[in-house]
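K.L.:
One line per chain: the protein sequences are A and B, in this order.
When the first sequence is numbered by our numbering, its final residue is 601 and no position is left out of the sequence of numbers.
When the second sequence is numbered by our numbering, its final residue is 601 and no position is left out of the sequence of numbers.
Protein chains: 2
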Amino acid sequence: MNSFRSNLRISAIKPKGSFRTPKSLIPRGPRHQQPLDFSSSKARPTNPSRRWQPKQVAASAFAFALSAAIVNFSYAQIVHAQSPPDTNSKNQPPRFRLDQVRSHGRDAEEKWIIKGNKVYNITDWIPGHPGGEVILRAVGGPVDQYWNIFTIHKKQEVYDILDSFYIGDVDPRDLVDGKVPAEQLADPFKNDPKRDERLIVHSARPFNAETPEEGLNAFITPDDLFYVRQHMWVPEVFEASHKLVVELADGEEKEYSIQDLKKFKEHSITATLQCSGNRRKHMTDESRSTNGLQWEGGAISNAEWTGVRLRDVLKDAGVQIDDLPADIKHVQFEGAEAYGASIPIEKAVDQFGDVLLAYKMNGNPLAPDHGYPLRLLAPGNVAARSVKWITRVRLSEEESTSQWQRRDYKCFGPNIGSQQADWDSAPAIQETPVQSAITSLRDVTPHSAQDSKLLQVYGLEEDSIAVEGYSYAGGGRRIIRVDVSADNGRTWHQAELLPDTAKGAKAWAWSRWRWVLPRQQAGRCFVVKAVDEAYNTQPGEYEPNYNFRGNLTSSWHRVGYRAKPP
Amino acid sequence: MNSFRSNLRISAIKPKGSFRTPKSLIPRGPRHQQPLDFSSSKARPTNPSRRWQPKQVAASAFAFALSAAIVNFSYAQIVHAQSPPDTNSKNQPPRFRLDQVRSHGRDAEEKWIIKGNKVYNITDWIPGHPGGEVILRAVGGPVDQYWNIFTIHKKQEVYDILDSFYIGDVDPRDLVDGKVPAEQLADPFKNDPKRDERLIVHSARPFNAETPEEGLNAFITPDDLFYVRQHMWVPEVFEASHKLVVELADGEEKEYSIQDLKKFKEHSITATLQCSGNRRKHMTDESRSTNGLQWEGGAISNAEWTGVRLRDVLKDAGVQIDDLPADIKHVQFEGAEAYGASIPIEKAVDQFGDVLLAYKMNGNPLAPDHGYPLRLLAPGNVAARSVKWITRVRLSEEESTSQWQRRDYKCFGPNIGSQQADWDSAPAIQETPVQSAITSLRDVTPHSAQDSKLLQVYGLEEDSIAVEGYSYAGGGRRIIRVDVSADNGRTWHQAELLPDTAKGAKAWAWSRWRWVLPRQQAGRCFVVKAVDEAYNTQPGEYEPNYNFRGNLTSSWHRVGYRAKPP
Chain A
36 MNSFRSNLRI SAIKPKGSFR TPKSLIPRGP RHQQPLDFSS SKARPTNPSR RWQPKQVAAS
96 AFAFALSAAI VNFSYAQIVH AQSPPDTNSK NQPPRFRLDQ VRSHGRDAEE KWIIKGNKVY
156 NITDWIPGHP GGEVILRAVG GPVDQYWNIF TIHKKQEVYD ILDSFYIGDV DPRDLVDGKV
216 PAEQLADPFK NDPKRDERLI VHSARPFNAE TPEEGLNAFI TPDDLFYVRQ HMWVPEVFEA
276 SHKLVVELAD GEEKEYSIQD LKKFKEHSIT ATLQCSGNRR KHMTDESRST NGLQWEGGAI
336 SNAEWTGVRL RDVLKDAGVQ IDDLPADIKH VQFEGAEAYG ASIPIEKAVD QFGDVLLAYK
396 MNGNPLAPDH GYPLRLLAPG NVAARSVKWI TRVRLSEEES TSQWQRRDYK CFGPNIGSQQ
456 ADWDSAPAIQ ETPVQSAITS LRDVTPHSAQ DSKLLQVYGL EEDSIAVEGY SYAGGGRRII
516 RVDVSADNGR TWHQAELLPD TAKGAKAWAW SRWRWVLPRQ QAGRCFVVKA VDEAYNTQPG
576 EYEPNYNFRG NLTSSWHRVG YRAKPP
Chain B
36 MNSFRSNLRI SAIKPKGSFR TPKSLIPRGP RHQQPLDFSS SKARPTNPSR RWQPKQVAAS
96 AFAFALSAAI VNFSYAQIVH AQSPPDTNSK NQPPRFRLDQ VRSHGRDAEE KWIIKGNKVY
156 NITDWIPGHP GGEVILRAVG GPVDQYWNIF TIHKKQEVYD ILDSFYIGDV DPRDLVDGKV
216 PAEQLADPFK NDPKRDERLI VHSARPFNAE TPEEGLNAFI TPDDLFYVRQ HMWVPEVFEA
276 SHKLVVELAD GEEKEYSIQD LKKFKEHSIT ATLQCSGNRR KHMTDESRST NGLQWEGGAI
336 SNAEWTGVRL RDVLKDAGVQ IDDLPADIKH VQFEGAEAYG ASIPIEKAVD QFGDVLLAYK
396 MNGNPLAPDH GYPLRLLAPG NVAARSVKWI TRVRLSEEES TSQWQRRDYK CFGPNIGSQQ
456 ADWDSAPAIQ ETPVQSAITS LRDVTPHSAQ DSKLLQVYGL EEDSIAVEGY SYAGGGRRII
516 RVDVSADNGR TWHQAELLPD TAKGAKAWAW SRWRWVLPRQ QAGRCFVVKA VDEAYNTQPG
576 EYEPNYNFRG NLTSSWHRVG YRAKPP
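Here's what the structure looks like:
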């Protein structure tokens, strides 16, 4: 079955659910002259692309589905029977060249997109697009690359909406293997910076890469090795012209330049950012397959962030932070590339919450990958809330409506698959659970000068093993103990929590730890688990804590060990 | 070996560690005329009880221990050789009648106590007593009943201190089976109220009792069934005369009567209190023996508390709660019965922390067992910080020095026994981890009118099982999901979180949950585990999370099930 037919069949299913269809979307009835409905003669006749009506196609598809169950008609027979208008032939919808689609871009009156090999006129849909004006970035060309990023589109109700705007196909002369070739696509990633080659790349576009071992084995992660989690492209923004808009609950807006912000009292905090997918691969390996980038233990890094307190800026903008009105429950953030997220107002205004509008990282201006020139930094919360290239702060009764708030960053029970998930029933991840991982496990010997210094510290003289790693809990909850085992959890010891120089009102930074033990005490499997100051601890097993998104994997980290032959 | 000798041997060991010996404790040398040291003639000769000097006894004991290793001397021979003064006979220390000890009570110049069958003059020790003036409650009689409460005394350095004040023995005519008989003891518990007989009592004095199933199966625990955790007795205090003193960091004091406090804005919150020992017996049963009362799952209850915010009172007393001085890190509390504890200042002043000075529980004045007329209520923290009968609030750079802050309420790793515990290395429990338990598991049948109503709600028509319980997390972290299993954790389902009417800035109250399943789906073991809003979850196993105090047991609660024969 070709894709045209399968698409038509899908469009016969009714939209449902929470992705609301604005009135502007409901087809206004045929606008153009056509054989089946002469009442359409009032519609604008000047746009040939609208002549071919999707509603009739849907009806024909329904007829097709029914008929096909009885006898094998050819597709041409069915379409011909319904006689839709056709600029090219009796059997086919209109065809458009890529240049023609390109002329219906951001600045054109009528705005078209391509999805697969089909063309849609979405002019009427743009004002009602739940994702806002980011949709303009895609018009005049294929939308697939954006849907691969904004995966919220990949569901039936969205396909249905799109189908209602179908106007024809891309001319086959412009297709290669049935698709628009890559070199014809506009490159939304053209502003992406060059990255350090030591980063362990999970996806190039958008760029997602974890910190290598050498970056994880230090309290402060070097800027170049800080893990990168992009949901889209790096936007082109400049410190001199960048503006932050604070939108109050009544809709009033206050605008701040970076220079305006720098007039507030400056604060520095040391805070760990961790992707909700950190250690997802461990869950996949030890339980079942999960949806998402298969991060190992390096989707986490630690830096000193400098900026001004969001609470001070909110106060300045007129928010009564000590006596909040009941209609302010969340603070939403928007990034210049179209990302959005929110945090609860309690976190935003907490005098010990340390939420920053940050412009420096480890004393340097933010790198482009980390939000230059301005980002939010909500320490203790999942990194997905620390919106980069921040352009807007909005006080609201509601959470951000973005897919990263309402969908992706949630967890479900071990019994729930992606098809059963009721996204509204699970809260958006904010604070994260207690976590730890082994980042280094190496033989140390008294025969090496450097090793023997380390062994002296631990009062050891024999061949030994040095185990190191990180431990971290969300919410600023300090790590109070790290238990380690060299025999797969049968017996336990306490690792040394390494001293550090973390700044902040709470424990926003990871705690690095070390354990050095005689090699003869090592079994085949090392394990680590941490305890935070609320005495929460990590679960041992993966399967009972499985979630199909593989988010917040925090079961004990196990690492195999086999002594080198002497 | 009799107890006198064993006591003497112990006294030869030197005091050490953190229980500091004040200067006043160091024996000032013999004060009374005695054969061995005539330089003692300067000391007050009027008090016959001081004539017999413990230091010499310690020396003789050391000699005895040495000698006994060579040849079997009789005790009488040794003591005789050293010739201590003796009011009764050549061989024995002085003997005192109980009446004589009683005359050295709270109002006497010289204050004596009895420990076991020995008498001590502790006059010089009182000013340096780390526990403060509560020691006066014991003078003039036996101290054993208090040491059973203040177990911090039961260690070598304290025995050593006590030995240095030894003055003689209780006259055998006043002993029964070598002990002071119970009816001769002053009763510190004379003010304890009558309690509901349905409470499940773990100790009568002090009174400790858990909530029975009927109390656990409601969102609000009835006052009479609210679990009771006393560290001592219920003090005799009255609303009209009760005073709360707020002691500022510079030592300045502000005093508030209950009437004064009631002038502040009143707040009501719904908050669960949970003893750190809740579910300790589950750890003992599934792992190893633990120290402490063997609570099952009922050392937890939920009530609506009404009072005024501590932060408002602190502000009134002159504390700059928005710009705290660096030397204020903790807020210490003292109860009228001598209990003490503290919370971090961040919790005390948090605008969303809801820390109350509470005078009502479920709309009624506080019951005597729950702190009448005034208690602290630090929601989200372990109940041990919510000091009852509160008399003093002290701003300090230090935590409370009480044993309940510095010792008892802490946890260690599974490899640490009571002898290895370095108490200073573990933080005092404040917020508690995510927790859940099954409180009811019953067969329901469509043949019962009441059951069939329940079955209808869950769309069931067959014989079924209704499982209910609580879930709770410290720190105001909302319970977002309760996973239940009827096959010992092999497969999972989500329980229904029952709606409630909790009040407060955060989720301070437990969430009750219910699961109803067809009886044929039930295996032999039901399990529950909860997830809080930081996506912390409970560990599955007990042994890897064992701590010898059995505190904060939160591993999965498992309950066996066997279907009744039809």
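Idealized CB from N, CA, C, for every residue including glycine.
Would you say the region 548-567 of chain B touches the region 554-567 of chain A, given that touching needs at least three Cβ pairs under 8 Å?
P.N.:
Contact fails: fewer than three Cβ-Cβ distances are below 8 Å.
K.L.:
Counting only C-beta atoms, is L234/A closer than 8 Å to chain B at any point?
P.N.:
The residue given as residue 234/A occupies position 199 in the first sequence. Chain B contact via Cβ: absent.
K.L.:
The region 517-544 of chain B: which residues have C-beta closer than 7 Å to a C-beta of chain A, in chain order?
P.N.:
Going along the region 517-544 of chain B in chain order, one finds D518, G524, T526, W527, H528, Q529 with a Cβ nearer than 7 Å to chain A.
K.L.:
So does the region 423-430 of chain A actually touch the region 462-479 of chain A, counting three or more Cβ pairs closer than 8 Å?
P.N.:
Cβ pair count under 8 Å is below three, so no.
K.L.:
If you measure between the beta carbons of V11/A and L133/A, is that distance less than 8 Å?
P.N.:
Residue coverage of chain A in this structure runs from 36 to 601, which leaves residue 11/A outside it and unanswerable.
K.L.:
Just the chain B side, please: which residues come within less than 8 Å of V469/A by C-beta, in chain order?
P.N.:
On the first sequence, residue 469/A is found 434 positions in, with the first residue counted as 1. The contacting residues are N571.
K.L.:
Quick one: does A461/A have its CB under 8 Å from some CB of chain B?
P.N.:
On the first sequence, position 426 is the one that residue 461/A refers to. Chain B, which has a Cβ nearer than 8 Å to the Cβ of A461/A, makes this yes.
K.L.:
To be precise: take each residue of the region 316-348 of chain A, compare its Cβ to all Cβ atoms of chain B, and keep it if any distance is under 9 Å. Which residues remain?
P.N.:
Listed in sequence order: no entries.
K.L.:
Is there a Cβ of chain B sitting closer than 8 Å to that of I515/A, yes or no?
P.N.:
By one-based count along the first sequence, residue 515/A stands at place 480. With 8 Å as the cut-off, I515/A counts as an interface residue toward chain B.
K.L.:
According to a CB-to-CB cut-off of less than 9 Å, which residues of the region 445-457 of chain B neighbour chain A?
P.N.:
Answer set for the region 445-457 of chain B: C446, F447, G448, P449, N450, I451.
K.L.:
So, V178/A versus R141/A, is the Cβ gap smaller than 8 Å?
P.N.:
As a position in the first sequence, residue 178/A is number 143, starting the count at 1. As a position in the first sequence, residue 141/A is number 106, starting the count at 1. Not in contact: V178/A and R141/A (Cβ atoms no closer than 8 Å).
K.L.:
Is there at least one Cβ from chain B nearer than 8 Å to D357/A's Cβ?
P.N.:
Against the first sequence, residue 357/A aligns to sequence position 322. For D357/A, the answer is yes, since a Cβ of chain B falls inside 8 Å of its Cβ.
K.L.:
Going by DSSP, which residues form a beta bridge with Y155/A?
P.N.:
Position 120 of the first sequence, counted from the first residue, corresponds to residue 155/A. Bridge partners of Y155/A: I148/A, Y201/A.
K.L.:
I'd like to know if the region 391-398 of chain B and the region 335-352 of chain B are in contact, where contact means that at least 3 CB-CB pairs between them fall below 8 Å.
P.N.:
With the cut-off at 8 Å, the region 391-398 of chain B and the region 335-352 of chain B touch.
K.L.:
Expressed to the nearest angstrom, what Euclidean distance is found between the alpha-carbon atoms of E434/B and R442/B?
P.N.:
Start at 1 with the first residue of the second sequence, and residue 434/B comes out as number 399. Start at 1 with the first residue of the second sequence, and residue 442/B comes out as number 407. Rounded to whole angstroms, E434/B to R442/B spans 12 Å at the Cα level.
K.L.:
If you follow the alpha helix (DSSP H) that T319/B is in, where does it begin and where does it stop?
P.N.:
One-based indexing of the second sequence puts residue 319/B at position 284. From DSSP, the alpha helix (DSSP H) with T319/B extends over 315-321.
K.L.:
Across which residues does DSSP place M267/B in a beta bridge pair?
P.N.:
One-based indexing of the second sequence puts residue 267/B at position 232. Beta-bridge pairing links M267/B to no other residue.
K.L.:
Using the Cα positions of N337/A and E331/A, report the straight-line distance between them to the nearest angstrom.
P.N.:
Position 302 of the first sequence, counting from 1, holds the residue named residue 337/A. Position 296 of the first sequence, counting from 1, holds the residue named residue 331/A. Each residue's alpha carbon lies about 16 Å from the other.
K.L.:
Who are the near neighbours of I149/B in its chain, counting only those whose CB is closer than 7 Å to its CB and skipping five residues on each side?
P.N.:
Indexing the second sequence from 1 puts residue 149/B at position 114. Same-chain partners within the cutoff: V136, G176, P177, V178, V205, V215.
K.L.:
Contact between the region 479-486 of chain A and the region 509-520 of chain A: three or more CB pairs below 8 Å?
P.N.:
These segments do not touch.
K.L.:
Answer yes if the region 267-283 of chain B comes into contact with the region 402-418 of chain B, meaning at least three C-beta pairs across the two stretches below 8 Å, and no otherwise.
P.N.:
With a cut-off of 8 Å, the region 267-283 of chain B and the region 402-418 of chain B count as touching, because enough Cβ pairs lie within range.
K.L.:
Quick check for students: name the residue ranges of the alpha helix (DSSP H) that lie wholly in the region 223-283 of chain B, counting only runs of 4 or more.
P.N.:
You should have 248-251.
K.L.:
E576/B touches chain A at which residues, Cβ-Cβ below 7 Å?
P.N.:
Taking the second sequence and counting its residues from 1, the one referred to as residue 576/B is at position 541. The answer, in chain order, is G575.
K.L.:
In whole angstroms, what separates the C-alpha of S95/B from that of E145/B?
P.N.:
Here residue 95/B refers to the residue found at position 60 of the second sequence. Here residue 145/B refers to the residue found at position 110 of the second sequence. Bear in mind that a pLDDT of 33 at S95/B, under 50, signals an unreliable position, so the number given afterwards is only what the model happens to contain. Those two C-alpha atoms are separated by around 27 Å.
K.L.:
According to DSSP, is N580/A helix, strand or coil?
P.N.:
Within the first sequence, numbered from 1, the residue matching residue 580/A stands at position 545. In this structure, N580/A counts as helix in the three-state DSSP scheme.
K.L.:
Quick one: does I464/A have its CB under 8 Å from some CB of chain B?
P.N.:
As a first step, residue 464/A is located in the first sequence; it is residue number 429 there, counting from the start. It does; some Cβ of chain B falls within 8 Å.
K.L.:
So, at 8 Å on beta carbons, what are the nonlocal neighbours of F73/A in its own chain, with the 5 sequence-adjacent residues on each side left out?
P.N.:
On the first sequence, position 38 is the one that residue 73/A refers to. The predicted position of F73/A is uncertain, since its pLDDT is 27 and thus under 50; a value taken from the coordinates is nonetheless stated next. Excluding positions up to five away in sequence, the list is empty.
K.L.:
Does the structure place the region 380-388 of chain A close enough to the region 349-369 of chain A that three or more beta carbon pairs sit under 8 Å?
P.N.:
Counting Cβ pairs under 8 Å, three or more are found: they touch.
K.L.:
Along chain A, in chain order, which residues have C-beta atoms closer than 7 Å to that of N580/B?
P.N.:
As a working mapping, residue 580/B is identified with position 545 in the second sequence. Correct list: T572.
K.L.:
Going along chain B in order, which residues have a C-beta closer than 7 Å to the C-beta of L606/A?
P.N.:
Since the first residue shown for chain A is 36 and the last is 601, residue 606/A is missing from the structure and cannot be characterised.
K.L.:
If you check the beta carbons only, do V236/A and L296/A fall under 8 Å apart?
P.N.:
Within the first sequence, the letter at position 201 stands for residue 236/A. Within the first sequence, the letter at position 261 stands for residue 296/A. It is not a contact, given that the beta carbons lie outside the stated cut-off.
K.L.:
Measuring only between beta-carbons, confirm whether G509/A sits less than 8 Å from chain B.
P.N.:
Here residue 509/A refers to the residue found at position 474 when the first sequence is read from its first residue. With 8 Å as the cut-off, G509/A counts as an interface residue toward chain B.
K.L.:
Any idea if R584/A is buried or exposed, counting beta-carbon neighbours within 10 angstroms, 16 or more meaning buried?
P.N.:
Sequence index remark: in the first sequence, residue 584/A carries index 549 (1-based). The residue in question, R584/A, is buried, as its Cβ has 16 or more Cβ neighbours within 10 Å.
K.L.:
Please state if the CB of V422/B and the CB of Y374/B are separated by a distance shorter than 8 Å.
P.N.:
Position 339 of the second sequence, counted from the first residue, corresponds to residue 374/B. Position 387 of the second sequence, counted from the first residue, corresponds to residue 422/B. Cβ atoms of Y374/B and V422/B: closer than 8 Å.
K.L.:
Quick one, are the C-beta atoms of V281/B and A376/B less than 8 Å apart?
P.N.:
Residue 281/B sits at position 246 when you count from the first residue of the second sequence. Residue 376/B sits at position 341 when you count from the first residue of the second sequence. No. Outside cutoff.
K.L.:
Let me check understanding here. Comparing Cα to Cα, which of R264/A, V492/A, N523/A, D358/A lies closest to G595/A?
P.N.:
On the first sequence, residue 595/A is found 560 positions in, with the first residue counted as 1. Closest by alpha carbon: N523/A.
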